[in-house]
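Colleague: Just so you know, the sequence shown maps onto residues 26 to 181 in my numbering.
We put the CB at the ideal spot given by N, CA and C, even for glycine.
No experiment lies behind these values; they were computed from the predicted model shown.
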Amino acid sequence: MASRAVSGGVQRRRADVRGRWRGNVLPPMSPGAERRNQRVEQIMWEVVDRLFETWADELQGINFAVRTAPTSASLERATARGETVPLGVASVRQERRNPHRSTRHVVLFRRPIETSAVDEHHLAHIVADVVIELVSEFLNVPPEEIDPIYGTGPHR
Numbered sequence: 026m027a028s029r030a031v032s033g034g035v036q037r038r039r040a041d042v043r044g045r046w047r048g049n050v051l052p053p054m055s056p057g058a059e060r061r062n063q064r065v066e067q068i069m070w071e072v073v074d075r076l077f078e079t080w081a082d083e084l085q086g087i088n089f090a091v092r093t094a095p096t097s098a099s100l101e102r103a104t105a106r107g108e109t110v111p112l113g114v115a116s117v118r119q120e121r122r123n124p125h126r127s128t129r130h131v132v133l134f135r136r137p138i139e140t141s142a143v144d145e146h147h148l149a150h151i152v153a154d155v156v157i158e159l160v161s162e163f164l165n166v167p168p169e170e171i172d173p174i175y176g177t178g179p180h181r
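1) Excluding the 5 residues flanking Glu120 on each side, which residues of the same chain have their C-beta closer than 8 Å to its C-beta?
2) Can you look up Leu112 in the DSSP assignment and give me helix, strand or coil?
3) Over the uninterrupted beta strand (DSSP E) stretch that includes Arg129, give me the two end residues.
4) CA-CA distance, Val91 and Phe134?
5) Using the Cβ count rule (16 or more neighbours within 10 Å means buried), how would you classify Thr177?
6) Would you say the region 68-86 touches the region 96-104, given that touching needs at least three Cβ pairs under 8 Å?
7) Mind checking which residues open and close the alpha helix (DSSP H) that includes Ile157?
8) Whose CA, out of Val132, Leu112, Asp144 and Ala94, lies closest to the CA of Val73?
9) Which of helix, strand or coil does DSSP assign to Ala90?
10) Among Val117, Asp172, Asp154 and Ala142, which residue has its Cα nearest to the Cα of His130?
11) Can you give the Cα-Cα distance for Ala153 and Pro124, rounded to whole angstroms?
12) Would Val155 and Leu112 qualify as a contact pair, given that the criterion is a beta-carbon distance under 8 Å?
13) Could you check what DSSP says for Gln13 in three-state terms: helix, strand or coil?
14) Which of the three DSSP states is assigned to Arg118 in this structure?
15) For His146, count the other beta carbons within 10 Å of its own beta carbon; 16 or more makes it buried, fewer makes it exposed. Which is it?
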């Protein structure tokens with residue numbers, strides 16, 4: 026607990042067991058305080074916006090999201106196939122209310138992507154490549170045709 030109320034509703038800061046004061050390292054509005062998943066999500070939306078300029082009709086109805094990590098079932102399947110940890114997944118799901126209709130989803134996994142990246146620049150290229158690869162699966166088009174910058178960044 027970073028602070029606690031004392032008489033009169035006044036809050037007093039407490040030191041932790043080692044005598045260090047608890048609290049935020051950076052002010053909440055500073056750029057460095059941005060949550061990690063927000064950065065990956067921000068890059069993803071920049072890539073999606075760029076792709077919509079060319080592929081708007083084809084991308085309609087695809088839901089994009091960022092999750093922390095793949096499910097344990099996804100990891101087990103990847104391990105069984107001798108693959109590395111997935112950085113994202115493209116899936117089609119039947120709608121519960123209308124079983125004759127399905128929705129397409131592109132999901133990026135933040136932790137494996139961040140682990141693969143050496144720096145911020147590399148992170149942006151990895152996110153772009155993963156989004157482009159997953160969209161290319163849905164459109165059945167080579168990734169290089171989806172976006173000419175595909176694969177031009179630092180190697181993964």
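Modeller: In terms of the structure at hand:
1) Arg126, Ser127 and Thr128
2) coil
3) That run of the beta strand (DSSP E) goes Ser127 to Phe134.
4) Taking the straight line from one Cα to the other gives about 6 Å.
5) exposed
6) no
7) Glu145 to Leu164
8) Val132
9) Residue state, collapsed to three classes: strand.
10) Val117
11) 32 Å
12) yes
13) Residue 13 is absent from the model: the chain starts at 26 and stops at 181.
14) strand
15) So His146 ends up on the exposed side.
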